[in-house]
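Trainee: Next up is a structure, given as structure tokens.
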Amino acid sequence: MTFKIVCVGRIKETYYTDMIDAYKRQIGRKHELVIIQHEDEKIPQNASDTIKKKIVDTESHKCMESIGKSEYVIALCINGKKCTTELLREKIRQAEDRGITTVTFLIGGSLGMSDELIRKADFKLSYSNMTFPHQLMRVMLLDQLQIICDM
Numbered sequence: 593m594t595f596k597i598v599c600v601g602r603i604k605e606t607y608y609t610d611m612i613d614a615y616k617r618q619i620g621r622k623h624e625l626v627i628i629q630h631e632d633e634k635i636p637q638n639a640s641d642t643i644k645k646k647i648v649d650t651e652s653h654k655c656m657e658s659i660g661k662s663e664y665v666i667a668l669c670i671n672g673k674k675c676t677t678e679l680l681r682e683k684i685r686q687a688e689d690r691g692i693t694t695v696t697f698l699i700g701g702s703l704g705m706s707d708e709l710i711r712k713a714d715f716k717l718s719y720s721n722m723t724f725p726h727q728l729m730r731v732m733l734l735d736q737l738q739i740i741c742d743m
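Numbering (my numbering), first residue to last: 593 to 743.
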């Protein structure tokens, strides 16, 4: 199984990159892990809703180009379904049972993802009703993948 994380924005903080590197090594022992980072668009100060929507659409389009045709896609979004680690593992296992070899996770930028990108997802996953920085979401997702790999 290949796990692919498609996300917006680069992580500059070493405390995040160190954790991500450690998870990549651990997960990589059992599964292929691919992280595709797309550049985030600059958000002008006092940006109008129209400009923000254009930014979200641009970032989301970049992410869409990274999704293969036969991948099981999970979008991390606030309006998704809250689930346990076991349920997430079951979703991945069901995809694998259907012959799918890549599970792709989508993490949007600071303004979120377009509705079009979210509709491409086979499953919408929410960690919480709260909003988390996209850098932290990568670490949290990798932690869950590590737990799933060890189950």
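Virtual Cβ for every residue (Gly too), placed ideally from N, Cα, C. A quick note: this is a predicted structure, and the numbers were derived from the prediction, not measured.
Thinking Q637 and G601 are a contact (beta carbons under 8 angstroms), I'd like their distance in whole angstroms, please.
Mentor: About 18 angstroms separates the two Cβ atoms, so there is no contact after all.
Trainee: On the CB-based measure, 16 or more other CB atoms within 10 Å of its CB, does Y607 come out buried or exposed?
Mentor: Per the 10 Å Cβ criterion, exposed.
Trainee: With burial defined as no fewer than 16 other Cβ atoms inside 10 Å of the residue's Cβ, what is the status of S652: buried or exposed?
Mentor: By the neighbour-count rule (16 or more Cβ atoms within 10 Å), S652 is buried.
Trainee: Mind pulling the beta strand (DSSP E) runs of 3 or more residues that sit fully within the segment 624–680?
Mentor: DSSP runs (the beta strand (DSSP E)) wholly in the segment 624–680: 624–630 and 664–673.
Trainee: Suppose contacts are defined by Cβ-Cβ distances below 8 angstroms. Is F724 in contact with K683 by that definition?
Mentor: Not a contact, by the Cβ cut-off of 8 angstroms.
Trainee: Return the first residue and the last residue of the beta strand (DSSP E) that T696 is part of.
Mentor: Counting along the chain, the beta strand (DSSP E) containing T696 begins and ends at T694 to I699.
Trainee: Locate the alpha helix (DSSP H) running through L737, then write down its first and last residues.
Mentor: Element bounds for L737: H726 to D742.
Trainee: Rounded C-beta distance between M782 and I699? I'm assuming under 8 angstroms.
Mentor: For residue 782 there is no data in the structure shown, the boundaries of the chain being 593 and 743.
Trainee: Suppose the cutoff is 8 angstroms on Cβ atoms and the five residues either side in sequence are ignored; what does the same chain contact list for M593 look like?
Mentor: So the list reads H623, E624, I684, E688, T693, T694 and V695, once near-sequence residues are dropped.
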